[in-house]
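Here the structure comes first, spelled out in structure tokens, and everything after it is commentary.
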Amino acid sequence: MGSSRAVLLPGTASDGVFVRSVFAAPLASAGLSLITPAGATVEEHLAALDAAYLGEPLIVGGVSLGAHVAAAWAARTPERCAGLLLALPAWSGPAAGAPAALAAAVSAEVVERDGVDAALAGVDGWLGAELSRAWRGHGAALAGVLRAASSTAAPTLGELAALDVPAGVAACTDDPVHPLAVAQQWAAALPRGALRTTTLAELGTDRTALGRAAVAALLDSRAGADGATRSRVRDSRGVVTGPDGRGR
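Adding 1 to a residue's 1-based position in the sequence shown gives its number in the numbering used here.
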């Protein structure tokens with residue numbers, strides 16, 4: 002697969018613990034090593050990608066905002082990028098009106114006014130546990146991190162179209178905050194983009210489901226899938242599905 006190093010970034014106010022739980026095993030199975038740099042802000046993430054580049058192009062990517070930042074870095078420094086692993090992209094271009102951006106902005110207000118417990122009220126199960134751990138790790142900086150993320154532009158579809166490298170995109174078909182339609186647009190815009198899907202339900206019981214989907218999509222891209230294949234969505238097992246994630 003060319004480069005053996007994958008530098009992956011977390012989503013808004015998430016952390017390396019989640020990234021490792023998602024990607025470490027699938028990447029190892031593909032012969033790739035995972036790097037999860039420290040950092041919370043967009044600027045810190047961009048600096049970490051710069052620091053990780055040691056002369057050999059990198060596979061870069063991440064989850065949600067992390068995918069946005071990695072793709073933006075690749076667009077600015079294409080000679081440093083060997084491939085993309087993009088999980089749960091949340092919007093393209095300006096953030097205004099995107100569900101994930103609105104959620105981050107509202108969460109920032111609640112955290113600032115009422116605290117983390119209030120912001121996470123009603124968020125149960127595995128997602129509540131993940132957010133509770135990651136958000137508390139940001140301490141007093143949490144509201145600022147959330148607010149900044151809510152207004153950070155993602156790469157435009159035109160910028161993605163200039164990234165002629167293998168690119169695996171992964172989405173959850175039941176995730177309204179990271180719409181499948183956005184992932185489909187990203188995969189279609191990327192010249193060598195391939196898309197695989199999983200579900201939040203599967204992710205809840207097996208974090209690697211998302212990583213497996215992204216890595217499988219990257220392998221699809223590397224294999225040079227033809228236009229007929231690229232126009233379809235594949236789930237994490239490779240089953241062709243329709244736009245709604247149902248089998249065809």
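Where is the CB? At the ideal position from N, CA and C, for every residue including glycine.
Just to confirm the assignment, what range does the alpha helix (DSSP H) spanning residue i have?
i: residue 190; result: 181-190
i: residue 48; result: 43-53
i: residue 14; result: Careful: residue 14 lies outside any alpha helix (DSSP H) and carries neither H nor E.
i: residue 134; result: 126-138
i: residue 143; result: 143-151
i: residue 223; result: 209-223
Looking only at DSSP bridge pairs, what is residue i linked to?
i: residue 107; result: Per DSSP, none; premise fails for residue 107.
i: residue 166; result: Partner(s): none; residue 166 has no beta bridge.
i: residue 7; result: 35, 60
i: residue 86; result: 62, 169
Less than 8 Å between the C-beta atoms of residue i and residue j, yes or no?
i: residue 40; j: residue 49; result: yes
i: residue 263; j: residue 89; result: The structure shown has nothing for residue 263, since the chain only spans 2 to 249.
i: residue 9; j: residue 24; result: yes
i: residue 36; j: residue 7; result: yes
i: residue 198; j: residue 181; result: yes
i: residue 195; j: residue 221; result: yes
i: residue 15; j: residue 135; result: yes
i: residue 155; j: residue 69; result: yes
i: residue 209; j: residue 27; result: yes
i: residue 158; j: residue 93; result: yes
i: residue 177; j: residue 95; result: no
i: residue 117; j: residue 143; result: yes
i: residue 108; j: residue 120; result: yes
i: residue 59; j: residue 53; result: yes
i: residue 145; j: residue 65; result: no
i: residue 20; j: residue 153; result: no
Out of the options, state which residue places its alpha-carbon closest to the alpha-carbon of residue i.
i: residue 149; options: 164, 120, 103, 83; result: 103
i: residue 30; options: 216, 185, 107; result: 216
i: residue 175; options: 204, 54, 13; result: 204
i: residue 225; options: 167, 59, 212; result: 167
i: residue 125; options: 214, 17, 202, 13; result: 202
i: residue 106; options: 18, 55, 151; result: 151
i: residue 264; options: 127, 117, 108, 76; result: Outside the shown range of the chain (2 to 249) lies residue 264, about which nothing can therefore be said.
i: residue 98; options: 33, 179, 5, 59; result: 179
i: residue 214; options: 11, 78, 4, 87; result: 87
i: residue 55; options: 66, 162, 120, 4; result: 4
i: residue 165; options: 193, 172, 145, 139; result: 193
i: residue 17; options: 44, 52, 138; result: 138
i: residue 172; options: 57, 123, 212, 73; result: 212
i: residue 38; options: 32, 71, 57; result: 71
Span of the beta strand (DSSP E) holding residue i?
i: residue 63; result: 59-64
i: residue 1; result: In the structure as shown, the chain starts at 2 and stops at 249, and residue 1 therefore has no counterpart that could be examined.
Taking Cβ positions only, does residue i come closer than 8 Å to chain B?
i: residue 25; result: You won't find chain B in this structure, because it holds only one protein chain.
State whether the stretch 176-189 contacts the stretch 107-120, with contact taken as three or more CB pairs (one from each stretch) at a distance under 8 Å. no
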